[in-house]
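So the sequence shown is numbered by the UniProt record's numbering: it starts at 1 and just counts up by one.
The beta-carbon is built from N, C-alpha and C at its ideal position, and this holds for glycine as well.
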Amino acid sequence: MTMKENHLFEEIVEHSVDEIFVIDRNGIVLYVNEACETNYGVQADRLIGASIKNLEDDLFTPSATLEVLKRQRPVEIMQRTTRGKRLFVKSRPVFDKETGELTKVISYARDLSDLNELRERVQKLEKQLEDQSKTQGAVFGDIIAESDEIQQVLKASSRIALTDVPVLLSGETGVGKTLLAKKIHSLSKYSDGVFQEINCAELPKQNRQIELFKYLEGGEGLVELPDRCTLLFDEISEMPLHFQANLLKTLENSDKSVRFIFSTSHNLEEKVQNGEFRGDLYYRLNILPVYIPPLRNRKNDIYPLANHFLQTFNEEYNQHKTFSPIALNALYEYEWRGNIREMENLIQRLVIMSETTEITIDQLPSIIKAGSISHAETLPEKLEQMERYLITEAYDLYGSSYKVADSLGISQSSAMRKIKKYMKS
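Take a look at the structure:
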């Protein structure tokens with residue numbers, strides 16, 4: 001090896017994100033790189049020449065290299081340092097080609113502390129979800145309510161459920177209006193009756209199938225509907241105008257045997273102003289309005305919902321899939337324009353299609369992987385967030401600064417610096 005090549009090799013080793021630790025056959029330290037100083041808080045020159053037996057317990061425990069000296073074969077262990085770091089250590093024996101005797105042991109260690117912090121955060125969120133289901137499950141069942149925003153909605157809904165007053169649920173498509181309507185039904189005095197959902201956009205096609213619409217067309221009324229039932233008019237804004245007058249009569253003459261719930265993803269007030277919806281009907285429906293905020297405005301629900309759907313589909317398809325911390329963070333940063341329905345559909349697809357147990361960021365749709373970039377305002381911010389995405393994606397996929405550098409066409413030292421920057425931020 002030439003002097004130039006030797007210098008290049010030393011530079012690569014010194015700047016490796018992994019710790020490199022070399023001892024001789026007697027357990028004396030021959031070489032350590034800069035990563036050792038970071039892991040143990042001791043200058044490299046103080047480690048050189050020390051006995052590995054003396055370093056064990058003082059700096060770390062247990063020692064993988066001592067195990068290799070005993071067993072004469074490779075060893076992989078988890079090691080904890082006195083600085084509180086957790087290292088994944090791979091130690092390999094080196095044998096003399098002629099005599100076959102062990103001459104040295106080379107160890108490589110990866111600091112997993114940051115990754116474990118992310119995993120602990122996920123576990124904490126899962127614990128919160130479990131605790132929340134115990135405290136609120138008796139009332140709201142499978143509705144996830146970690147955020148203050150949705151908890152306020154559920155508290156209001158529990159009070160509304162005890163009344164006979166019509167309810168108007170509004171919110172974007174996919175926020176869970178139908179699920180909330182069913183919960184209101186289950187908490188009301190009508191819970192032992194039928195829950196009937198009616199799609200107002202399909203009303204002209206259904207008016208021969210449901211007795212309600214005989215009344216809306218001037219017929220005999222609700223005589224065929226069972227007692228104590230709940231009717232959900234989904235997308236009430238799409239109800240044709242010629243049905244709306246009779247619906248108003250129905251509400252005014254109801255004998256309280258039917259509970260009415262209405263939902264809309266449109267602004268009914270604007271519809272009234274545009275002549276597309278009757279004002280008198282709107283004001284009759286708007287006595288108890290409940291607005292369900294979009295998922296992007298209640299970030300605290302994203303982790304619990306993601307884990308809820310993951311568990312649900314794992315059970316349904318007999319899988320054991322998990323999210324990598326970086327993939328879970330990408331779900332958190334995404335805007336979720338399709339709200340809960342979009343998330344549910346995505347996670348179902350991931351559980352079915354993922355070929356690995358851990359769902360990593362590279363398996364997510366591009367729009368989600370790059371979703372956080374849309375939050376940046378200036379060009380430098382957008383470039384930094386794009387760089388963050390590319391680095392974290394590559395590291396999540398390869399787990400090595402060398403492979404990250406190779407895949408992105410940058411130097412290994414640059415890849416290592418960026419990994420440290422973005423994986424700790």
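Contiguous beta strand (DSSP E) assignments of at least 3 residues, all confined to the region 165–198: 167–170
Residues bridged to Thr322 (per DSSP): Glu358
Start-to-end residues for the alpha helix (DSSP H) that takes in residue 490: The chain is shown only over 1 to 425; residue 490 falls outside these bounds and no answer can be derived.
N- and C-terminal bounds of the alpha helix (DSSP H) containing Gln72: Looking at the DSSP string, Gln72 is not in any alpha helix (DSSP H), and its letter there is neither H nor E.
Contact between the region 163–174 and the region 256–263 (3+ Cβ pairs under 8 Å): yes
Alpha carbon of Glu211 to alpha carbon of Ser158, nearest angstrom: Since pLDDT at Glu211 reaches only 49, below the 50 mark, its modelled position is unreliable, and the value read off the structure follows with that caveat. Roughly 30 Å between the two C-alpha positions.
Burial state of Arg298, where buried means 16 or more other Cβ atoms lie within 10 Å: buried
Cβ contact (3+ pairs, closer than 8 Å) linking the region 89–100 and the region 68–75: yes
Closest by C-alpha distance to Ile326, when choosing among Met78, Asp362, Lys85: Asp362
Option in Val175, Leu180, Thr163 with minimal Cα separation from Lys189: Thr163
Reduced DSSP category for Ser263 - H, G, I as helix; E, B as strand; rest coil: strand
Beta-carbon spacing of Leu281, Leu331 below 8 Å: no
Coil, strand or helix - Glu149 by DSSP: helix
Within 8 Å, strictly: CB atoms of Arg228 and Gly193: yes
Segment limits, beta strand (DSSP E) that includes Phe88: 86–95
Length of the line joining the Cα atoms of Glu172 and Asn339: 8 Å
Supposed contact pair Lys104 and Leu30 - C-beta distance, whole angstroms, cut 8 Å: 7 Å
Beta-carbon proximity check, Glu344 vs Phe309, cutoff 8 Å: yes
Closest residue to Leu295 among Ile150, Glu19, Ala44 (Cα-Cα distance): Ile150
Delimiting residues of the beta strand (DSSP E) encompassing Leu102: 102–111
Top-ranked residue by Cα proximity to Val351, from Ile52, Thr178, Asn307, Leu180: Asn307
Backbone CA spacing between Ile359 and Thr322 [nearest angstrom]: 6 Å
CB contact flag (Val42, Leu59, <8 Å): yes
Sequence-distant residues of the same chain with beta carbon closer than 8 Å to residue 430, five excluded per side: The structure shown has nothing for residue 430, since the chain only spans 1 to 425.
Glu315 versus Glu101, Leu288, Gln348, residue with shortest Cα-Cα distance: Gln348
Option in Lys249, Lys256, Ile198 with minimal Cα separation from Asp234: Ile198
Contact under 8 Å by Cβ, Thr81 with Ile23: no
Reduced DSSP category for Ser400 - H, G, I as helix; E, B as strand; rest coil: coil
Option in Leu112, Ile52, Asp148 with minimal Cα separation from Ile28: Ile52
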